[in-house]
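Protein chains in written order, with this note's numbering: chain B, 6 to 387; chain F, 0 to 129. Report on one structure; see the data block that follows.
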Amino acid sequence: MREVAIVSAGMTPFGELWRYSLRDLFVEASLGALRQAKADTVDAVYVGNMSGGQFVGQEHLGPLLADHLGIRGVPITRVESACASGGVALRSAFLDVASGMSDLVLAVGVEKMNDGGDVTNVLATAADQENEVYHGITFPGLYAMIARAHMTQHGTTLEDLAAVSVKNHRHGALNPKAQFRQEVTPEQVMASSLVADPLRLLHCSPVSDGAAAVLLCPLARAQEFTDRPVEIRASGLATSSMALAERRDPAFLDAVSLSASRAYHMAGLGPADIDVAEVHDCFSIAEICVLEALCFAEQGRGGEAARTGETALGGRLPVNTSGGLKSKGHPVGATGIAQVIEIFEQLRGEAGERQVKDAAVGLTQNMGGSGGSSVVHIFERV
Amino acid sequence: MPSPRYWREVPARYRLEAGRCVGCGAVVYPARRICPACRGQQFERLALSRRGTVVTSTVIHVAPTEFQMEAPYAMAVVETPEGARLMVQVADCEPNEVGPGMEVALEFRRIRKEGKSGILCYGHKAVPVR
Ligand SMILES: [Zn+2]
């Protein structure tokens, strides 16, 4: 396998972007990445998108997006793994370059959620239709069940959950691309309206539009496009049971654990080597469980991390410096690539007020459904 | 939901029929072809006991369209004595009283109605054992 680098990135703001269609979002993010690298075409594109079909009634995104990016003829593969679609698109692009099949490959994530689709019902299609959704469960409901299991087994508190939202909003306030650039207090989080007990509105990531793109090439060619490439050291993808009820311990995300151990093994690195991480905080409880599955916190102790400041900017291991899904926004298919862009900028020293000092190694973790799929990547400054 | 799909799911939904793996004894609900524990393909049919214990739960306040009239309502993962785990609604109680460890009975109920003149969909709901 060849060594692979990311050489440029492009991203739209995240938010309710009423003036942008799905194709507009895709083109803006992709053009940003191409311009930054001064490249005008690519050998292949992988686009992560959860549900163009349900959100805006548009499938068959490959030819549509190639056409609108002005690169008709270029192969585009649409990749779907629910909310992990972006992360899996990056993995596909990585494998394409690593294998020697293609040299210059774009990995893009895009989702247009605010266009009239019934978001609650569309997101629920990432759960098991026959055994979960049929009975009236929602997506926040599944994570609420994970939260209640974690609270019962490990003594995690409502204050621990709120601390995750407070931290990520504090980070997001510093991110010009974030959907919500304001801080929130623990009191505001705990007084916000109930969505699925114990989760309240301010424990949940918002409904967002957005796109993000990164350009990959062999590390050996990276200097043609940038003097500060970031190497992709590892990629780990794993699955677990689709239905939450099938997991012996609903509070443990075993797909996250498995995808992480694959990535750590491939990179020859461990959790102690990571300087900065972007993880899938679709709900505050998710960040807590993910920290444990990534071995950043002991089993059952993930709730302490945000409360004690360990995962805040300036802490031992800053997590979700971008604001995370909570504050930056969560256009589902775009999220996995946006996480990568935050790490790319951190490792290049371009994160501005959010910069983690001397960050050399970063990690991203992107999750589908209630943890049915998870993909982890590890990056290193060159 | 299209009615052929509903018809296919009748054994599991009406009769709470699970499969017990002949190879390793794992109980799989609803029945499926391959055992998730040992990959065995031989199963015997097993009707689940109509009772169980809540493993974890929530109260849904923001509900899907078909369930909006019922919110807030409790949902739970319930484990039956055979070891099968089901996602069910918990009815006939104050939703906030439902929590891990609660003993419930599984009762045959109407789950949802598809559209204005759509089919009625049945299945099981849990009710607390008092
Ligand atoms: Zn078996």
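Positions of the beta carbon are idealized from the N, C-alpha and C atoms, including for glycine.
DSSP-derived helix/strand/coil call for residue i
i	result
Y25 (chain B)	coil
T55 (chain F)	strand
L322 (chain B)	coil
H140 (chain B)	helix
R386 (chain B)	strand
G338 (chain B)	helix
H270 (chain B)	helix
K124 (chain F)	strand
D286 (chain B)	coil
E292 (chain B)	helix
Q184 (chain B)	coil
R359 (chain B)	helix
N371 (chain B)	strand
E102 (chain F)	strand
D214 (chain B)	strand
Min CB distance residue i to chain B below 7 Å
i	result
V61 (chain F)	yes
T57 (chain F)	yes
V128 (chain F)	no
V76 (chain F)	yes
Alpha-carbon spacing of residue i relative to residue j, whole angstroms
i	j	result
R238 (chain B)	T244 (chain B)	21 Å
A302 (chain B)	A125 (chain F)	36 Å
I142 (chain B)	M118 (chain B)	20 Å
G338 (chain B)	E85 (chain B)	8 Å
K333 (chain B)	D286 (chain B)	11 Å
A38 (chain B)	A112 (chain B)	10 Å
N391 (chain B)	G320 (chain B)	Shown here, chain B extends from 6 to 387; a query on residue 391 (chain B) therefore has no answer.
L221 (chain B)	F384 (chain B)	13 Å
D29 (chain B)	V77 (chain F)	46 Å
A17 (chain F)	L47 (chain F)	7 Å
A14 (chain B)	G146 (chain B)	35 Å
L66 (chain B)	L128 (chain B)	19 Å
L206 (chain B)	Q184 (chain B)	15 Å
E315 (chain B)	V281 (chain B)	12 Å
T161 (chain B)	V219 (chain B)	37 Å
V295 (chain B)	I118 (chain F)	41 Å
Q41 (chain B)	R233 (chain B)	12 Å
E188 (chain B)	V124 (chain B)	25 Å
A265 (chain B)	A73 (chain F)	34 Å
Y139 (chain B)	E102 (chain F)	23 Å
S35 (chain B)	G57 (chain B)	17 Å
Proximity test, Cβ basis, 7 Å: residue i and chain F
i	result
M195 (chain B)	no
M150 (chain B)	yes
Interface partners of residue i on chain C, CB under 7 Å
i	result
T64 (chain F)	Absent here is chain C; the protein component of the structure consists of chains B and F.
May I ask you to verify whether the stretch 22 to 37 of chain B touches the stretch 308 to 320 of chain B, counting CB pairs closer than 8 Å and requiring at least 3?
Below 8 Å, too few C-beta pairs join the stretch 22 to 37 of chain B and the stretch 308 to 320 of chain B to call them touching: fewer than three.
Residues in the stretch 253 to 279 of chain B having any Cβ partner in chain F nearer than 7 Å:
Listed by position along the chain: P255.
Residues of the stretch 109 to 120 of chain F whose Cβ lies closer than 9 Å to any Cβ of chain B, in chain order:
When C-beta distances to chain B are compared with 9 Å, the residues of the stretch 109 to 120 of chain F below that value are I110, R111 and C120, in chain order.
Tell me whether the stretch 58 to 69 of chain F and the stretch 201 to 210 of chain B touch, counting them as touching only if at least three CB pairs, one residue from each stretch, are closer than 8 Å.
Put simply, the stretch 58 to 69 of chain F touches the stretch 201 to 210 of chain B. At least three CB pairs are less than 8 Å apart.
When the Cβ atoms of the stretch 90 to 109 of chain B are set against those of the stretch 217 to 233 of chain B, are three or more pairs found closer than 8 Å?
Yes: at least three Cβ pairs fall under 8 Å.
Quick check: the stretch 288 to 299 of chain B against the stretch 151 to 170 of chain B, are there 3 or more CB pairs under 8 Å?
Yes, since at least three Cβ pairs between the stretch 288 to 299 of chain B and the stretch 151 to 170 of chain B fall closer than 8 Å, the two stretches touch.
Cβ pair count under 8 Å reaching 3, the stretch 246 to 255 of chain B against the stretch 79 to 91 of chain F
Counting Cβ pairs under 8 Å, three or more are found: they touch.
Can you list, in chain order, the residues of the stretch 150 to 182 of chain B whose Cβ is nearer than 7 Å to any Cβ on chain F?
Identification of residues in the stretch 150 to 182 of chain B having a C-beta nearer than 7 Å to some C-beta of chain F yields M150, R153, A154 and T157, given in sequence order.
Is there contact here, the stretch 262 to 276 of chain B with the stretch 92 to 107 of chain F, by at least three beta-carbon pairs under 8 Å?
No, the stretch 262 to 276 of chain B does not touch the stretch 92 to 107 of chain F.
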